[in-house]
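Sequences listed follow chains A and B, in order. Numbered per the working numbering, the first sequence finishes at 249, counting up by one with no gaps. Numbered per the working numbering, the second sequence finishes at 1249, counting up by one with no gaps. A virtual CB, placed ideally from N, CA and C, is assigned to each residue, including glycine. Notes for the one structure printed next.
Protein chains: 2
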Amino acid sequence: MLDRQSDIRRAPINLADSAIVGRCGDCEARHIGLCDAMPDQDLHFLANVAKRHKLVKGQCFVIQGDPARHFFNINHGSAKLYKDMPDGRRQIVGFVGSGDFVGLAAAQTYAFSAEAMEDIGLCRFDRSELRAVFGLFPAIERRLLDVASHELVVAQEQMLLLGRKNAIERVASFLDVWRHRTAACTAGEGALDLPMSRTDLSDYLGLTVETVSRALTALRKQGVIAIGADHRVAILQSERLTDIAQAAA
Amino acid sequence: MLDRQSDIRRAPINLADSAIVGRCGDCEARHIGLCDAMPDQDLHFLANVAKRHKLVKGQCFVIQGDPARHFFNINHGSAKLYKDMPDGRRQIVGFVGSGDFVGLAAAQTYAFSAEAMEDIGLCRFDRSELRAVFGLFPAIERRLLDVASHELVVAQEQMLLLGRKNAIERVASFLDVWRHRTAACTAGEGALDLPMSRTDLSDYLGLTVETVSRALTALRKQGVIAIGADHRVAILQSERLTDIAQAAA
DNA sequence: CGGCTATTTGAGTCTAGTCAAAGCCTGTGG
DNA sequence: CCACAGGCTTTGACTAGACTCAAATAGCCG
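Now the structure itself:
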């Protein structure tokens, strides 16, 4: 655990080093996330306060405890949000992907850190500048409130998972939610695309890597899922998975 | 566990039965919570969409899964917010008190239930009507976004607690947070006022009643807290408590 | 003064954690 | 093309911290 201290995650590369590219109009995230709340002709208001960045896998763009000066909108790729304890224990509080908004959970300082799990592109907004845009386009603020409400729902569901579910229920819950999250994007019923490692999964589910692995094996032996040679997961019995996740059976 | 099914909590009294009393101007919560975002002369806009209610201990005013038609603002008293699983397992996702806003964590339906832990007074707002007030007073929406952001910070901290802390750290964390929450109200350094039972505490901390009790005893034996004959808790060494809560020592 | 309930304490069990090692992709270099 | 190093994942054996079941204790209220 403690080797995390010397990890790449502890040596974030300054965002200023990242390439700034492109404009809003042809952004891959134009019609998702924050930006979809703006009509085309007013998009330049957002563009004026947004800086586009590209980050490579492993780079941090939010550090827990730093002054919360920015919001972020992920354009492509995925990242993990997490909290660390002084002795190395880690809790991942969320995974974010294309279109997701990052940075709401902050008062004066960020309550979490954020690290790219693969190469990502994002837009960075200055909080105070974005706040000024609120006055002109209340739809933005409305959107953020909706996003925050939804995140609260998800957070409460995660509290139930962490506080009351056993290992298999936790893993089943994660797969069930992830399936629905990615079903919107990929129609195919093949293996799930899991950008996170088993270690990330364990830090998200409040378990150890070994326990996550054992739970996956148990689900595989029950015929609920299949695990590929590349460790990817395919869901074979989705109703059964949901039942296990919710302890409905 | 399963006896909860027949509990008073399962048979909520309809809010329509509750007494509706008073006006906003002389409300005990006038200068906290949502209402403080409104200037006196415009308070009647809120009053028009608010219904004041009084509830007795044990009454539910939000049921998980019901259509989310209202927001609530607690005027006095305290309540618990929780999620239940079909087999009776329960996770309390938050405690709320005077001035606190309830109902943000909802999409079409409520993600949680809410029950009065003591007699309480609250204001009920129709969501659609309150939304209409947003247009006239953006300060309300701004306030809600701030509230939601703060709740997200708290929720993430709770995920860390539930996912990665041991029993003593959980109990210490709770006492530490609760001390700060109530310190703003009561200057006295006496015993904490804990409106919730040990069972509620265990459902909040993801433990059993017995484990909570044992953790409290352990903290008492270490001299960090004292436990009164009425089971109330007094904090004797607050820095030590904080260190234990954060695993800093 | 009892009955009731919430809390605390005790004894034994079990789930998940820890420590250790093997297996298996991946990617690099010969 | 194959061998090998390295990291991630899986499996195994044992431990520990929290849970379960049971009982004792102590306020609280009629």
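> Taking the C-alpha atoms as reference points, what is the distance between B:ASN1166 and B:ILE1032?
Replying inline: 35 Å
>> Quick check on A:GLU118: does DSSP put it in helix, strand or coil?
In response: coil
> For B:LYS1135 versus A:PRO86, is the C-beta spacing smaller than 9 Å?
Replying inline: The sequence given here places Gly at residue 1135 of chain B; Lys does not occur at that position. Cβ atoms of B:GLY1135 and A:PRO86: not closer than 9 Å.
> For the alpha helix (DSSP H) that contains B:TYR1110, what are its first and last residues?
Replying inline: Premise fails: B:TYR1110 is in no alpha helix (DSSP H) and is neither H nor E.
> In chain A, which residues lie with their C-beta within 9 Å of the C-beta of B:HIS1070?
Replying inline: By Cβ distance, chain A contributes nothing, its closest Cβ being about 14 Å from B:HIS1070, past 9 Å.
> Using a beta-carbon distance below 9 Å, is B:ASP1100 in contact with chain A?
Replying inline: no
>> Does chain A have any CB closer than 9 Å to the CB of B:SER1149?
In response: yes
> Does the distance from the C-beta atom of A:PHE125 to that of A:HIS44 stay below 9 Å?
Replying inline: no
>> Assuming B:ALA1247 and B:GLU1169 are in contact, meaning their beta carbons sit under 8 Å apart, how far apart are those beta carbons, in whole angstroms?
In response: 6 Å
>> With H, G and I counted as helix, E and B as strand and the rest as coil, what does DSSP make of A:ASP26?
In response: coil
> So what does DSSP say about A:LYS57, is it helix, strand or coil?
Replying inline: coil
> Could you give the C-beta distance for A:ALA249 and A:ALA172, rounded to a whole number, given that I count them as a contact under 8 Å?
Replying inline: Not confirmed; about 11 Å, so no contact.
>> Tell me the residue span of the alpha helix (DSSP H) that contains A:ALA148.
In response: 138–164
> What are the partner residues of A:TYR204, as DSSP defines its beta bridges?
Replying inline: Paired residues: none, contrary to the question.
>> Just list the residues that DSSP pairs B:ARG1052 with in beta bridges.
In response: B:CYS1123
> Is B:LEU1055 closer than 9 Å to B:ALA1116 when the C-beta atoms are compared?
Replying inline: yes
> Would you say A:LYS51 reaches chain B, if we count a Cβ-Cβ gap shorter than 9 Å as a contact?
Replying inline: no
> Is there contact between the segment 57–76 of chain A and the segment 152–166 of chain A, where contact requires at least three CB pairs shorter than 8 Å?
Replying inline: no
>> Pull the bridge partners of A:PRO195 from the DSSP assignment, please.
In response: A:PRO195 pairs with nothing; no bridge assigned.
> To which residues does DSSP link A:ASP230 through a beta bridge?
Replying inline: Paired residue(s): none; A:ASP230 is not in a bridge.
> A:LYS83 CB to nearest chain B CB: under 9 Å?
Replying inline: yes
>> I need the straight-line Cα distance from A:ASP243 to A:ASP119, nearest angstrom please.
In response: 35 Å
> What residues from chain A crowd round B:ARG948, counting only those whose CB sits closer than 7 Å?
Replying inline: A query on residue 948 of chain B cannot be resolved here, the shown segment of chain B reaching from 1001 to 1249 and no further.
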